[in-house]
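Protein chains in written order, with the numbering used here: chain A, 215 to 603; chain B, 406 to 609.
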């Protein structure tokens, strides 16, 4: 600790006297003068105290500090610190889920052989795959599901090239008109894209990004929807801005972060993995630290919470990773990846799920892993999943 | 020692066993200490870093590490020092981080203010607020009620007048008299206690 000034035992008394308008004696006045001269910040605080507005000016904030919310927060942190034990238990649970999953697939295969009529009920749905739709500057579209490596488009000297499942841009330096491209993933597809500046972008299912084929301006700006993970290439001369139209803007330099902005989810979540970002929504803003999520509510209010980045990025690494997720949260994820409609029959209990499961399995197999008391699943025609009691 | 005048935190001083119960892992004792210290600590952190969410996050981290080390504490002042020092250190870390961010991104993010590092001044201010709120309890009942309504609940003079069936002028007069009394009440003994604790914290 580096005290900015030597604190006099008299100071509380002196400040109290100043606040109450009492007259200081000469010793007190001298001590106060010395304290005020020690650092400009002391003067700032002094001015605040004697302003006539204090402490009334701070009481609204003071009284808004919630005992219960913060108590919950403390309990969460205490629980989080006992992680080693919890982790172990959790991995046992995850292993159990995967075992159940394998068991389920095996069981299902046995059943299909023995009782073919049952297999009809279990019409299965394949998992999502890599793929996207690229919309070029002239409005034409290219489906990137089944293309081989090679040139996809050439727009005013900028080539879009598909290489091992990701799209990247090659600029021969002649780009002078700004052309905007959009990459869109439908439900059941995700895609990896390298922007013209070298920044890497992963699109989860049902997401999009709009960007110029060359960043020629003083900053780099893209628009997104859905869920997108960024690894932004550092360029101090050209700050990078991600716009979620009408909802938020995220300002970055060189940094890795995930934005989850599905309109059907209650929050727009920006989770920072590395570096620094500034999240702005409806006049509010916050600077995020790595390992934290900024949650933007419907009213544009921002709440910062600590995040498990492994969990947030599980989708990009090919897994579903639930840790206390509600049935509805799980189903929203599944509906985007398996491109299904989820229907709830009445009476399904509120259940929470934990575990890590590969996104590469068929829906029926995955559902066998998602076992919970009082929750059953049925796959029906037309990509419909019925959840019943 | 002052309490915050809102919740009944006198339990802490009336029950000498609170600290030993706390250090033996009694959750209820922890909650009493938490209720006593939460708002002042958040206020202190908020004054240093200027962000409500971050302030509450830092304070809850400090309480979590206090709980982890609960067996080490046998005196309330040691607990209070620990909490303030933990919060102060976290605020420093955050401000340092913010400085780095601002340096790297000064094109991008201009907060327009230099980090406020007046830790001792903010600590004094926090204590002063505690004293003032605590002194409310020493006022005659109606004066205290009027001040609490107008300051803590931000009721308008007209609302208070209606609640007490008094004229607005009367309420205004009682309010200023109560404030005057409040300012006179503070005695030297309390101040000395506060100052000794502050010195203990700031020297660490």
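By construction, the Cβ of each residue, glycine as well, lies at the ideal position given by its N, Cα and C atoms.
Under three-state DSSP, which class holds residue i?
| i | result |
| --- | --- |
| residue 507 of chain A | strand |
| residue 472 of chain A | strand |
| residue 479 of chain A | coil |
| residue 560 of chain B | coil |
| residue 531 of chain B | helix |
| residue 257 of chain A | helix |
| residue 228 of chain A | helix |
| residue 368 of chain A | strand |
| residue 465 of chain A | strand |
| residue 381 of chain A | strand |
| residue 485 of chain B | helix |
| residue 347 of chain A | strand |
| residue 601 of chain A | strand |
| residue 340 of chain A | coil |
| residue 526 of chain B | helix |
Does the distance from the CB of residue i to the CB of residue j come in under 8 Å?
| i | j | result |
| --- | --- | --- |
| residue 535 of chain A | residue 521 of chain A | no |
| residue 573 of chain A | residue 551 of chain A | yes |
| residue 496 of chain A | residue 511 of chain A | no |
| residue 351 of chain A | residue 394 of chain A | yes |
| residue 408 of chain A | residue 448 of chain A | no |
| residue 533 of chain A | residue 338 of chain A | no |
| residue 226 of chain A | residue 446 of chain B | no |
| residue 438 of chain A | residue 422 of chain A | yes |
| residue 538 of chain B | residue 583 of chain B | no |
| residue 245 of chain A | residue 228 of chain A | yes |
| residue 550 of chain B | residue 263 of chain A | no |
| residue 518 of chain A | residue 458 of chain B | yes |
| residue 484 of chain A | residue 494 of chain A | no |
| residue 433 of chain A | residue 410 of chain A | no |
| residue 575 of chain A | residue 341 of chain A | yes |
| residue 399 of chain A | residue 382 of chain A | no |
| residue 276 of chain A | residue 448 of chain B | yes |
| residue 466 of chain B | residue 291 of chain A | yes |
| residue 563 of chain B | residue 573 of chain B | yes |
| residue 420 of chain A | residue 401 of chain A | yes |
What whole-angstrom Cβ distance do residue i and residue j have, given they're in contact under 8 Å?
| i | j | result |
| --- | --- | --- |
| residue 441 of chain A | residue 464 of chain A | Not really, about 13 Å apart at Cβ, beyond 8 Å. |
| residue 579 of chain B | residue 555 of chain B | With 8 Å as the limit, residue 579 of chain B and residue 555 of chain B do not qualify as a contact, their Cβ atoms being about 10 Å apart. |
| residue 562 of chain A | residue 602 of chain A | 7 Å |
| residue 259 of chain A | residue 527 of chain B | 6 Å |
| residue 424 of chain A | residue 436 of chain A | 6 Å |
| residue 490 of chain B | residue 438 of chain B | The Cβ separation is near 16 Å, so there is no contact. |
| residue 478 of chain A | residue 546 of chain A | 6 Å |
| residue 372 of chain A | residue 428 of chain A | 6 Å |
| residue 169 of chain A | residue 466 of chain A | Limits of chain A in this structure are 215 at one end and 603 at the other, which puts residue 169 of chain A out of reach. |
| residue 285 of chain A | residue 436 of chain B | 7 Å |
Between the C-alpha atoms of residue i and residue j, what's the straight-line distance to the nearest angstrom?
| i | j | result |
| --- | --- | --- |
| residue 426 of chain B | residue 482 of chain B | 16 Å |
| residue 482 of chain A | residue 385 of chain A | 34 Å |
| residue 232 of chain A | residue 241 of chain A | 14 Å |
| residue 588 of chain A | residue 559 of chain A | 12 Å |
| residue 353 of chain A | residue 471 of chain A | 30 Å |
| residue 349 of chain A | residue 531 of chain A | 26 Å |
| residue 493 of chain B | residue 523 of chain B | 11 Å |
| residue 487 of chain B | residue 535 of chain B | 18 Å |
| residue 203 of chain A | residue 542 of chain A | An answer regarding residue 203 of chain A cannot be provided, because it is not within the stretch 215 to 603 covered by chain A. |
| residue 359 of chain A | residue 460 of chain A | 30 Å |
| residue 406 of chain A | residue 287 of chain A | 36 Å |
| residue 377 of chain A | residue 597 of chain A | 32 Å |
| residue 486 of chain A | residue 569 of chain B | 53 Å |
| residue 637 of chain A | residue 468 of chain A | Only positions 215 to 603 of chain A appear in this structure, which leaves residue 637 of chain A out of reach. |
| residue 569 of chain A | residue 592 of chain A | 21 Å |
| residue 479 of chain B | residue 429 of chain B | 10 Å |
| residue 461 of chain B | residue 581 of chain A | 39 Å |
| residue 376 of chain B | residue 396 of chain A | Examination of residue 376 of chain B is not possible in this model, given that chain B is present from 406 through 609 alone. |
| residue 595 of chain A | residue 554 of chain A | 10 Å |
| residue 273 of chain A | residue 445 of chain A | 42 Å |
| residue 265 of chain A | residue 255 of chain A | 15 Å |
| residue 560 of chain B | residue 440 of chain B | 24 Å |
| residue 571 of chain B | residue 235 of chain A | 28 Å |
| residue 362 of chain A | residue 451 of chain A | 36 Å |
| residue 566 of chain B | residue 542 of chain B | 21 Å |
| residue 267 of chain A | residue 347 of chain A | 59 Å |
Between residue i and chain C, is any beta-carbon pair separated by less than 8 Å?
| i | result |
| --- | --- |
| residue 489 of chain B | The structure shown has no chain C; the protein chains it does contain are A and B. |
Any chance you could list the alpha helix (DSSP H) runs of at least 4 consecutive residues sitting entirely within the stretch 384-457 of chain A, in chain order?
none
Which ranges does the beta strand (DSSP E) cover as unbroken runs of at least 3 residues, wholly within the stretch 481-551 of chain A, from first to last along the chain?
482-488, 491-495, 498-502, 506-510, 516-520, 533-540
Starting from the N-terminal side, write out each stretch of the beta strand (DSSP E) that is 3 residues or longer and does not extend beyond the stretch 542-597 of chain A.
555-558, 566-572, 590-594
Contiguous alpha helix (DSSP H) assignments of at least 4 residues, all confined to the stretch 448-477 of chain B:
457-473
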